[in-house]
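First up is the structure itself, then whatever we jot down about it.
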Amino acid sequence: MRLLPAAGHRRMPWKNGGGVTTEIEVFPPGAGLDDFSWRISMARVEADGPFSLFPGVDRTLMLLDGEGLHLTVEGQSLLHLARPHQTAAFPADVAASARLDAGPITDLNVMTRRDVCRADVSLLRVAGEYRLDTVDALTVVFADGDGLRADTGGRPVVLERRDAAVLDPGATAVLGAAEPCAAVVIVIRTTNPR
Numbered sequence: 403m404r405l406l407p408a409a410g411h412r413r414m415p416w417k418n419g420g421g422v423t424t425e426i427e428v429f430p431p432g433a434g435l436d437d438f439s440w441r442i443s444m445a446r447v448e449a450d451g452p453f454s455l456f457p458g459v460d461r462t463l464m465l466l467d468g469e470g471l472h473l474t475v476e477g478q479s480l481l482h483l484a485r486p487h488q489t490a491a492f493p494a495d496v497a498a499s500a501r502l503d504a505g506p507i508t509d510l511n512v513m514t515r516r517d518v519c520r521a522d523v524s525l526l527r528v529a530g531e532y533r534l535d536t537v538d539a540l541t542v543v544f545a546d547g548d549g550l551r552a553d554t555g556g557r558p559v560v561l562e563r564r565d566a567a568v569l570d571p572g573a574t575a576v577l578g579a580a581e582p583c584a585a586v587v588i589v590i591r592t593t594n595p596r
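In this note's numbering, the protein residues as written are 403 to 596.
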């Protein structure tokens, strides 16, 4: 297990220059916005506007905080994300835009190059202990709350809000929390290795 503390996440401009993204993890390591296989990031969205275009990429977006947003993809209303942890999946290589409901939001973006891999994004509300088997896929656990414990049989770690942990394929992790904690589980499966 590899810990990715929130303090170490890299901030950089959006591809379209319209804001700032916080990169949590990218593969391969050091890849840029045009050559990643997969990328996990957060964005603070402060105004209505277009999403950056990423040819050959699929995007899953999860609302983390704020009053919500309406998504429009290829001129069609796709979805209204009104509360935290609602998700929408759409191609990142078509025109898409967001209209904020009532002020800024923060979202989590999981982007995968569709000819290389795919991602499944789900929410766990951890209270007590939960066993997470990664089977044959790389798994990233993103804490959207404080005090999330993760133990893969080695040295347990505590994830605070916006920390993440990368679990190797085949690992089993026991997640735990004294108080209920939201954990976003991102499972990345290779479909065609580069």
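The beta carbon of each residue, even a glycine, is placed where N, CA and C say it ideally should be. The structure presented is a predicted model; accordingly, all values stated were derived computationally and were not measured.
Beta-ladder partner(s) of residue i, from DSSP
| i | result |
| --- | --- |
| G468 | I507 |
| H482 | H472 |
| T489 | M464 |
Simplified DSSP assignment, three categories, for residue i
| i | result |
| --- | --- |
| G477 | coil |
| A566 | strand |
| G578 | strand |
| G410 | helix |
| E425 | strand |
| D522 | strand |
| M354 | Residue 354 is absent from the structure shown; the chain starts at 403 and stops at 596. |
| T593 | coil |
| T541 | strand |
Expected contact under 8 Å - CB spacing of residue i and residue j to nearest Å
| i | j | result |
| --- | --- | --- |
| S524 | G451 | At roughly 28 Å, the Cβ-Cβ gap does not stay under 8 Å, so S524 and G451 are not in contact. |
| D503 | F456 | Actually they are not in contact, since the Cβ atoms of D503 and F456 sit about 25 Å apart, beyond 8 Å. |
| I588 | T541 | 7 Å |
Same chain, Cβ closer than 6 Å to residue i, neighbours up to 5 away in sequence not counted
| i | result |
| --- | --- |
| V559 | L405, A552 |
| A408 | R564, D565 |
Chain-order list of residues whose beta-carbon lies under 7 Å from that of residue i (same chain, five-residue window excluded)
| i | result |
| --- | --- |
| V586 | M464, L510, V523, L525, F544, D546 |
| T489 | T462, L463, M464, V523 |
Residue i to residue j span [Cα, whole Å]
| i | j | result |
| --- | --- | --- |
| K417 | C519 | 21 Å |
| E425 | R412 | 5 Å |
| A521 | A529 | 25 Å |
Sequence-distant residues of its chain with Cβ nearer than 8 Å to residue i (five each side left out)
| i | result |
| --- | --- |
| V459 | P493, A494, D495, M513, T514, R515, R516 |
| A487 | Note that residue 487 is His in the sequence shown, not Ala. Cβ neighbours of H487 beyond the five flanking positions: M464, L465, L466, L525, D546, A584, V586. |
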